[in-house]
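With mature numbering (1 follows the signal peptide of the UniProt record, and there is no 0) applied, the sequence shown covers -19 to -1, 1 to 741.
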Amino acid sequence: MKNIHMFCLLFFLFVSSNGDEVSTLLAIKSSLVDPMDHLKDWNESSSSSVHYCKWSGVFCNSKSYVEKLDLSNMNLSGIVSDQIQELHSLSSLNILCNDFSTSLPKSLANLTTLKSIDVSQNNFVGKFPVGLGMAFGLRYLNASSNNFEGFLPEDLGNATFLEIMDFRGSFFEGSIPVSFKNLQNLKFLGLSGNNLSGEIPRELGELKAVETIILGYNQFEGSIPAEFGNLSNLQYLDLAVGTLSGQIPAELGKLKNLTTVYLYQNSFEGKIPSEIGNITSLVYLDLSDNKISGEIPNELADLKNLQLLNLMCNNLTAPIPTKLGELENLEILELWQNSLNGTLPMNLGKKSPLQWLDVSSNFLTGEIPPGLCDSGNLTKLILFNNSLNGPIPLGVSNCSSLVRVRIQNNLLSGIIPIGFGTLPVLQRLELAKNNLTGEIPVDFTLSTTLSFVDVSSNHLESSLSSSILSIPSLQTFIVSNNNLKGNIPDQFQDCPSLSLLDLSSNHFSGEIPQSIASCEKLVNLNLRNNQFSGEIPSHIATLPTLSILDLSNNSLVGKIPMDFGSSPALEMLNVSYNKLEGPVPSNGILMTINPNDLIGNAGLCGGILPLCSQSRLTITSKTHHVNHIIVGIIVGILVILAVGIMVLAGRLMYNRWYLCNSFFKDFRFNKNNSEWPWRLVAFQRLNFTSNDILACLKESNVVGIGGNGIVYKAETQRPHSVVAVKKLWRSSDGDIEAGDDLFAEVDLLGSFVTGTLLGY
């Protein structure tokens, strides 16, 4: 009987305890927002002592107490309930990658049984709970990628079993607690991407077990502690993007297990320690974007495992160590924007799987190494802004792995070698500002991947291939400042992606093809300084994205198309120094265009230019209808001949009738009669004198001021007449420009005008 009572008591306690677990879980669920219904099986109907341990994300120990709660990646939000502290056996809490945007409960500190907690990749706010240092068995803590603020919990220095501590990507401030030196089992320390400041504690050099330190993207002051040279197990050091300064400590050369050093984008200065060459395990070394000076140590060539060497954007001088070309694992070499001189290592790429070479913006000379692509891995070759000379190696133009070639602004000579057009993944080819000669290779037309081609400012000759613009992926094509000639290929309907076309400063001739209007993505068209003739294709103005159009310094004729003013995207138009004529449209961009973009066209008028005179309009009209004029001349000759014949016949008939005393002999016009018709003569006789007019040229009679003079109202009394008189201004060269704005002023004077006198 006693045993039965004992069994009943234990069963009661078991049911009671497990009932508390159920109610705690249900309380936790009630404070959560579960839009995907991941916790649908958390309900009382399935809450027997067996079933709740099978609920989603719930894991129990052998005594059916909740030991692990994994609610990760469930799109949960809401509040993490304070009642989570009632799970007294909880050793692992994982709620990573959800949508929590509240604060974590302080009661987490009461879970002293925790060994692992992961609340990363949420939007938690507020301060991180203090007290987890009391969880002496805590080994894993990840709170990265949240919005925590305030100071780092100093008490975590008491969690001496901690191996992983990750607080990256929040808004923690203040300094790194010195208490962290007690974490002798710590292997991973991640504090990057916060607002931490102060100096990096030298006490961190006592973390004998640490393998990874990531402290970048903060606002630390001072230099790297020399004590970091004592971190014998350190493999990964990332202090990038910060405000650190001083010299890189030579003590780092003692770290024989170090594989990665990222110190880029700080303010380090001085020389690169030659002791770095002792870190034979080093794979990635990035010291870019600092103020480092001096030469590249020859000892770096001893880093046989080195795959990445990035020293760009510093103040390095002297030649590149020749032995760097012997590194057998080198994949990326970035040295751009320094003051390096000398030649490139000639063995570069021959023994290594080189993928990316960027030595642009230095003072390098000599030839391009021929074996850069011997491994067949080179994707980016960037050598611009140097003084490299000699021809482009055939090994470059035949490198099938190349995606970008940028070797502009050097002293390269010879021809562009055949091969670039058949490279299967080449997208960008920049050879501008060299001394290249010959033709643009015809194999360019075979490419299906080229999107950017710039061969400008060379000495290229001949004409463009008829299908050069048919590259389906072509977006930018620049061949300006060469000696190219001939017509533009009329293949624009085959270049649907073209956005920039620059053919300026060559010897192209002929008419601008009408098909250019089919390039609906064209943004910039530059044809200046060539020998183009004919009229401007009016349909260019309808291009929906055209923003810049430069047609200056050619021999274009005809009018400026009216549609240019209403072009949807046009922001800059230059048609200066052509043979254009006629009125400038007065709409859109043409209302605000710089007059300098129209100069050099003697026949243009109106708009922002002086008004067109009637004679100019007539001449312009005739100029624009040459075919009509020819036809008119022929018709005129025929009409004159016909009239002449009729006059001659009429005169013969008149003489005959007059001599025969026909019925016309009694009919006479009285020349004194007021009905005698006016005769049109070169200068019509006026019934007032110049003295009558000069007497009226006074300020009270001003009715308008035009672009070329002042208009007066003049009244004469004998006989009474009202006339408009324009006093012209003399131009700077002594010539008189009369009548450009006369017609507008006649309209202003109105119906009282009976005559007009032009005077000086």
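For each residue, glycine too, the CB sits at the ideal point set by N, CA and C.
As the structure is a prediction and not an experimental result, all values here were calculated from the model.
Taking V377 as part of the beta strand (DSSP E), name the residues at either end of that continuous run.
-> Locating residue 377 in the sequence shown gives position 396, where the first residue counts as 1. Careful: V377 lies outside any beta strand (DSSP E), inside the alpha helix (DSSP H) at L375 to S378.
Excluding sequence positions up to five away, which residues of its chain have a Cβ less than 6 Å from the Cβ of N505?
-> Locating residue 505 in the sequence shown gives position 524, counting from the first residue. Cβ contact annotation for N505 (same chain, cutoff 6 Å, sequence separation greater than five): L481 and I529, in chain order.
Leaving out five residues before and five after V159 in sequence, what residues of the same chain have Cβ atoms less than 6 Å from its Cβ?
-> Counting from one through the sequence shown, the residue named residue 159 turns up at place 178. If we look at V159 and ignore the five residues flanking it on each side, its Cβ neighbours are P182 and E184.
Please state if the CB of D80 and the CB of N54 are separated by a distance shorter than 8 Å.
-> Stepping through the sequence shown from its first residue, residue 54 is reached at position 73. Stepping through the sequence shown from its first residue, residue 80 is reached at position 99. Taking 8 Å as the cut-off, the beta carbon of N54 is found no closer than this to the beta carbon of D80.
Could you spell out the range, first to last residue, of the beta strand (DSSP E) harbouring Q512?
-> Along the sequence shown, one-based indexing puts residue 512 at 531. Q512 to S514 is the span of the beta strand (DSSP E), which, as asked, contains Q512.
When the Cβ atoms of the segment 111 to 126 are set against those of the segment 145 to 164, are three or more pairs found closer than 8 Å?
-> Yes: at least three Cβ pairs fall under 8 Å.
Which stretch, first to last residue, makes up the beta strand (DSSP E) that contains E492?
-> Within the sequence shown, residue 492 is the residue found at index 511, counting from 1. It spans H488 to E492 - the beta strand (DSSP E) in which E492 sits, taken as one unbroken run.
For N462, count neighbouring Cβ atoms within 10 angstroms of its own Cβ and tell me buried if that reaches 16, exposed if not.
-> The residue you call residue 462 lines up with position 481 of the sequence shown. Counting Cβ neighbours within 10 Å, N462 comes out buried, since at least 16 surround it.
Coil, strand or helix - A190 by DSSP = On the sequence shown, residue 190 is found 209 positions in, with the first residue counted as 1. Three-state result, A190: coil.
Verify whether the separation of the beta carbon atoms of L393 and N366 is less than 8 Å.
-> Counting from 1 along the sequence shown, the entry for residue 393 is found at position 412. Counting from 1 along the sequence shown, the entry for residue 366 is found at position 385. No. Outside cutoff.
Counting only the same chain and skipping the five closest in sequence on each side, list residues whose C-beta sits under 6 Å from that of L268.
-> To locate residue 268, count along the sequence shown from 1; it is residue 287. Once the five neighbours on either side are set aside, the close Cβ partners of L268 are L244 and L292.
L369 and L407 look like a contact to me (Cβ under 8 Å); what is the Cβ gap, rounded to whole Å?
-> Along the sequence shown, one-based indexing puts residue 369 at 388. Along the sequence shown, one-based indexing puts residue 407 at 426. Not quite, the Cβ-Cβ distance comes to about 20 Å (not below 8 Å), so this is no contact.
Does the distance from the C-beta atom of L460 to that of S437 stay below 8 Å?
-> In the sequence shown, the residue the question calls residue 460 occupies position 479. In the sequence shown, the residue the question calls residue 437 occupies position 456. Correcting the residue identity first, residue 460 is Val in this sequence and not Leu. Result yes, Cβ atoms of V460 and S437 sit closer than 8 Å.
Cβ atoms of G546 and P566: under 8 Å apart, would you say?
-> Counting from one through the sequence shown, the residue named residue 566 turns up at place 585. Counting from one through the sequence shown, the residue named residue 546 turns up at place 565. Going by C-beta atoms, P566 is nearer than 8 Å to G546.
Assigned exposure category for E411 - 16 Cβ within 10 Å defines buried = The sequence position of residue 411 within the sequence shown is 430, counting from 1. Flag for E411 reads buried.
Unbroken stretches of the beta strand (DSSP E), 3 residues or longer, contained in the segment 13 to 47 = Counting only runs of 3 or more residues that sit fully inside the segment 13 to 47, the beta strand (DSSP E) segments are 39 to 41, in chain order.
Compare the C-alpha of K235 against each of Q246, L220 and E256 and name the closest.
-> One-based indexing of the sequence shown puts residue 235 at position 254. Looking only at Q246, L220 and E256, the smallest Cα-Cα distance to K235 is reached by E256.
Drop a sphere of 10 angstroms on the beta-carbon of Q456, count the other beta-carbons inside from all chains shown, and report buried for 16 or more, exposed for fewer.
-> As a working mapping, residue 456 is identified with position 475 in the sequence shown. With 16 or more Cβ atoms within 10 Å of its Cβ, Q456 is classed as buried.
Element boundaries [beta strand (DSSP E), containing L292] | Position 311 of the sequence shown, counted from the first residue, corresponds to residue 292. For L292, there is no enclosing beta strand (DSSP E), as DSSP gives it neither H nor E.
Can you give me the Cβ contacts of I497 inside the same chain, cut-off strictly under 6 Å, excluding the 5 residues immediately before and after it?
-> Position 516 of the sequence shown, counted from the start, is the residue given in the question as residue 497. Within the same chain, I497 has close Cβ partners F473.
What whole-angstrom Cβ distance do N510 and N534 have, given they're in contact under 8 Å?
-> By 1-based counting over the sequence shown, the position of residue 510 is 529. By 1-based counting over the sequence shown, the position of residue 534 is 553. Your pair N510 and N534 checks out as a contact, with CB atoms roughly 4 Å apart and the cut at 8 Å.
Pick out whichever of W23, E48, S248 and K361 has its Cα sitting closest to the Cα of W36.
-> As a first step, residue 36 must be located in the sequence shown, where it is residue number 55. Minimum Cα distance to W36 is reached at W23.
Who are C586's beta bridge partners in DSSP?
-> Translated into the one-based positions of the sequence shown, residue 586 becomes position 605. As DSSP reads the structure, C586 sits in a beta bridge with P564.
Would you please state the rounded distance, in angstroms, between the beta carbons of L465 and L445? I believe it to be under 8 Å.
-> Position 484 of the sequence shown, counted from the start, is the residue given in the question as residue 465. Position 464 of the sequence shown, counted from the start, is the residue given in the question as residue 445. The C-beta distance from L465 to L445 rounds to 6 Å, short enough to fall under 8 Å.
Measure the Cβ-Cβ separation of N163 and G186 and say whether it is below 8 Å.
-> Position 182 of the sequence shown holds residue 163. Position 205 of the sequence shown holds residue 186. No. Outside cutoff.
In terms of residues, what are the limits of the beta strand (DSSP E) holding D219?
-> Locating residue 219 in the sequence shown gives position 238, where the first residue counts as 1. Where D219 is concerned, the enclosing beta strand (DSSP E) starts and stops at Y217 to D219.
Can you give the Cα-Cα distance for G223 and G179, rounded to whole angstroms?
-> As a first step, residue 223 is located in the sequence shown; it is residue number 242 there, counting from the start. As a first step, residue 179 is located in the sequence shown; it is residue number 198 there, counting from the start. So the alpha carbons of these two residues sit roughly 12 Å apart.
Go to F153, then tell me how far its beta strand (DSSP E) extends in each direction, as first and last residue.
-> In the sequence shown, residue 153 corresponds to position 172, counting from 1. Per DSSP, F153 belongs to the beta strand (DSSP E) from F152 to G155.
Please say whether G371 and L353 have beta carbons closer to each other than 8 Å?
-> The residue given as residue 353 occupies position 372 in the sequence shown. The residue given as residue 371 occupies position 390 in the sequence shown. Result no, Cβ atoms of L353 and G371 do not sit closer than 8 Å.
N271 to F249 span [Cα, whole Å] | Counting from 1 along the sequence shown, the entry for residue 271 is found at position 290. Counting from 1 along the sequence shown, the entry for residue 249 is found at position 268. Their backbone Cα atoms lie some 5 Å apart in a straight line.
Neighbour-count burial assignment, S443, 16 or more Cβ in a 10 Å radius | Here residue 443 refers to the residue found at position 462 when the sequence shown is read from its first residue. In summary, S443 is exposed, with fewer than 16 beta-carbon neighbours lying within 10 Å of its beta-carbon over all protein chains present.
Hey, out of I145, K560, T324 and L218, whose CA is closest to Q512's CA?
-> The residue given as residue 512 occupies position 531 in the sequence shown. Distance from the Cα of Q512 is smallest, within the candidate group I145, K560, T324 and L218, for K560.
Determine the DSSP secondary structure at G395, reduced to helix, strand or coil.
-> If you number the sequence shown from 1, residue 395 lands on position 414. For G395, the three-state secondary structure derived from DSSP is strand.
Should W317 and D339 be called a contact, given that it needs their Cβ atoms to be closer than 8 Å?
-> Here residue 317 corresponds to residue number 336 of the sequence shown, with the count starting at 1. Here residue 339 corresponds to residue number 358 of the sequence shown, with the count starting at 1. In this structure, the beta-carbon distance from W317 to D339 falls below 8 Å.
E232 to Q165, Cα distance in whole Å?
-> Working through the sequence shown from its first residue, we reach residue 232 at position 251. Working through the sequence shown from its first residue, we reach residue 165 at position 184. Whole-angstrom Cα-Cα distance: 21 Å.
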